[in-house]
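Just remember that this note's numbering sits 588 ahead of the position in the sequence shown, which is counted from 1.
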Amino acid sequence: MKAIILAAGIGNRLKPVTDKMPKSLIKIGEKTILEQMIDSLVSFGVNDICFVVGHMRHMITDLAGKKYKTAKFKYVVNPDYGLGSVVSLWAAREEFSGDDALLMDADVIFEREVLAKLVNSKNPNCFLIDKDFNDTGEEMKVAALNKRVVQIARKISREHNEAGEGVGFCRISSAYHGELLKGLEKKICLNRACDYEMALDDFIRRVPAGFEDITGLKWTEVDFPEDIKKAESLGL
Numbered sequence: 589m590k591a592i593i594l595a596a597g598i599g600n601r602l603k604p605v606t607d608k609m610p611k612s613l614i615k616i617g618e619k620t621i622l623e624q625m626i627d628s629l630v631s632f633g634v635n636d637i638c639f640v641v642g643h644m645r646h647m648i649t650d651l652a653g654k655k656y657k658t659a660k661f662k663y664v665v666n667p668d669y670g671l672g673s674v675v676s677l678w679a680a681r682e683e684f685s686g687d688d689a690l691l692m693d694a695d696v697i698f699e700r701e702v703l704a705k706l707v708n709s710k711n712p713n714c715f716l717i718d719k720d721f722n723d724t725g726e727e728m729k730v731a732a733l734n735k736r737v738v739q740i741a742r743k744i745s746r747e748h749n750e751a752g753e754g755v756g757f758c759r760i761s762s763a764y765h766g767e768l769l770k771g772l773e774k775k776i777c778l779n780r781a782c783d784y785e786m787a788l789d790d791f792i793r794r795v796p797a798g799f800e801d802i803t804g805l806k807w808t809e810v811d812f813p814e815d816i817k818k819a820e821s822l823g824l
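Printed below as a string of structure tokens:
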């Protein structure tokens with residue numbers, strides 16, 4: 589199993605903090621968001637990690653390269669990191685080969701059990717959902733019908749009987765990498781400013797995908813200044 593971490597974005601909503609660093613290098617407690625993520629991955633034996641970098645990319649390569657000696661890191665540069673996150677996923681397209689892939693946003697702080705749910709899931713294609721959330725319209729949500737994921741969107745419109753906020757992590761089986769790339773190529777041709785989740789939504793329409801419920805576990809996405817305080821309050 590390998591990990592692909594999307595860490596190219598500017599983080600405009602966290603300015604002026606992100607004028608000085610990528611938001612994945614914001615410190616929460618004793619570690620940066622990215623350090624916490626790498627430590628969790630390595631603890632599960634996921635040592636093959638690809639970072640998609642862009643904004644202040646050298647700060648990420650410096651930190652990862654100096655601190656971690658056992659992991660195998662690769663860096664893919666997204667020169668158009670000011671566009672939609674779908675461009676970052678497209679930049680990493682060649683990494684979808686061989687092993688199952690964990691696709692991860694680089695701005696999520698989480699307890700180890702969150703990642704355990706994904707790594708140990710019996711669903712070859714798997715998403716994580718938290719059913720206990722406040723729907724402001726900003727959250728990317730995952731909906732399922734009879735345990736199969738049927739939509740990934742900010743506004744759910746398809747028939748479903750379970751839904752929750754998506755954590756920003758998913759697992760893509762190596763058997764379905766080709767299907768993911770087909771949909772991704774279509775999205776990148778139509779709209780380079782869109783969220784990569786649009787490509788995932790296309791993907792789950794064509795292939796089976798399940799989910800793991802992480803409701804009650806500690807995690808948060810760091811998107812706004814108030815999220816930093818929330819992340820610190822988790823005590824991770």
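For every residue, glycine included, the Cβ atom is placed at its ideal position computed from N, Cα and C. Quick caveat: nothing in here was measured; it's all calculated off a predicted structure.
For residue i, which residues does DSSP report across the bridge?
i	result
E750	A732
R759	L690 and C714
D695	Paired residue(s): none; D695 is not in a bridge.
Please report how far the alpha carbon of residue i lies from the alpha carbon of residue j, in whole angstroms.
i	j	result
D627	N779	35 Å
F757	D723	19 Å
V737	P667	32 Å
L671	G754	21 Å
E727	R742	6 Å
With C-beta atoms as the reference, is residue i less than 8 Å away from residue j?
i	j	result
F565	A595	Outside the displayed range of the chain (589 to 824) lies residue 565, so it cannot be described from this structure.
H646	G597	no
T606	K719	no
F715	A797	yes
D789	K774	no
A732	E750	yes
L602	L613	no
Going by CA-CA distance only, name the one from the options that's closest to residue i.
i	options	result
G823	A694, W807, D783 and E726	W807
V664	G756, F632, M786 and A591	A591
R759	S709, L769 and H748	S709
L835	F799, K729, R794 and K743	Any answer about residue 835 is impossible in this case: the structure gives the chain only from 589 up to 824.
S631	I744, M692, A704 and I593	A704
M826	A787, V641 and L805	No statement about residue 826 is possible, as the shown extent of the chain runs from 589 to 824 and does not include it.
I637	N713, I816, K818 and A694	A694
State buried or exposed for residue i, treating a residue as buried only when at least 16 other CB atoms are found within 10 Å of its CB.
i	result
F812	exposed
A652	buried
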